[in-house]
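**Q** Below are the structure tokens for one structure; questions will follow.
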Amino acid sequence: MAERRGRVAFEQMAEGPEGIGPLPPARPLDAIDQDILRMLQADGRASIRSVAERVHVSRANAYARINRLVEDGVIRGFGARVNHERAGHGTSAYITLQIVQNSWRTVREQLRQLPGASHIALVGGDFDVLLLVHTPDNRALRELVLTRLQAIPEVLGTRTLLVFEEEDLEPQS
């Protein structure tokens, strides 16, 4: 029971101060912090007890370190790595966007609302934004690009790169 309460509190920490003011200055990470990060990247459901045992610190110390990593914005949250195809989103694409200069914040907010959007990046180069989407099929992808994306006034042009196969890389130990 205590282990379950520890996990619930641990998961609630991750919800943390999203959108509440600027983050504090980043504190340096030591080898134990790095080990904790690697462990949680490999298994975000790891209990405080197992984290503490693996990095050879007390549970209180592990809890305090994870809490600090969350508060500092190093850990942004905990989630599952999803096989999009098995989850009913068999079509994936990277979409490049050219946008009106200085419209990044407005465009970003609209892209966050798109169904299937999983990664948004402001980049330098021949285009301004790189968007990764997962859709049920090509028809849904077509609808997303031609109806939703191109209807955003600040989007000047798009280019769609269909993903044939993808793999999330596991954290390196």
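Residue numbering for the sequence shown is 721 to 893, as defined by the working numbering.
Heads up, the beta-carbon is just placed ideally off N, CA and C, and yes, glycines get one too.
Being a predicted model, the structure only gives us computed values, none of them experimental.
At what residues does the alpha helix (DSSP H) containing S770 begin and finish?
**A** Element bounds for S770: I768 to V775.
**Q** So D792 packs on I819, CB below 8 angstroms; how close in whole Å?
**A** Not really, about 31 angstroms apart at Cβ, beyond 8 angstroms.
**Q** Starting from the C-beta of A860, find all residues in its chain whose C-beta is less than 6 angstroms away, skip the five residues before and the five after it, and write them out in chain order.
**A** Excluding residues within five positions, none has a Cβ falling inside 6 angstroms.
**Q** Provide the residue span of the alpha helix (DSSP H) that contains I752, from first to last.
**A** Its alpha helix (DSSP H) spans residues A751 to A762.
**Q** For the beta strand (DSSP E) containing Q821, list its first residue and its last residue.
**A** Premise fails: Q821 is in no beta strand (DSSP E) and is neither H nor E.
**Q** So, at 7 angstroms on beta carbons, what are the nonlocal neighbours of L876 in its own chain, with the 5 sequence-adjacent residues on each side left out?
**A** The residues are Q818, I819 and V820.
**Q** Tell me whether the beta-carbon of A693 lies closer than 8 angstroms to the beta-carbon of V790.
**A** An answer regarding residue 693 cannot be provided, because it is not within the stretch 721 to 893 covered by the chain.
**Q** Quick check: the Cα distance between S823 and S770, rounded to an integer number of angstroms?
**A** Between S823 and S770, the C-alpha separation is close to 45 angstroms.
**Q** Which same chain residues end up closer than 6 angstroms to I815 when comparing Cβ atoms and leaving out the 5 residues on each side of it in sequence?
**A** Only L851, T878 and T880 meet the Cβ criterion.
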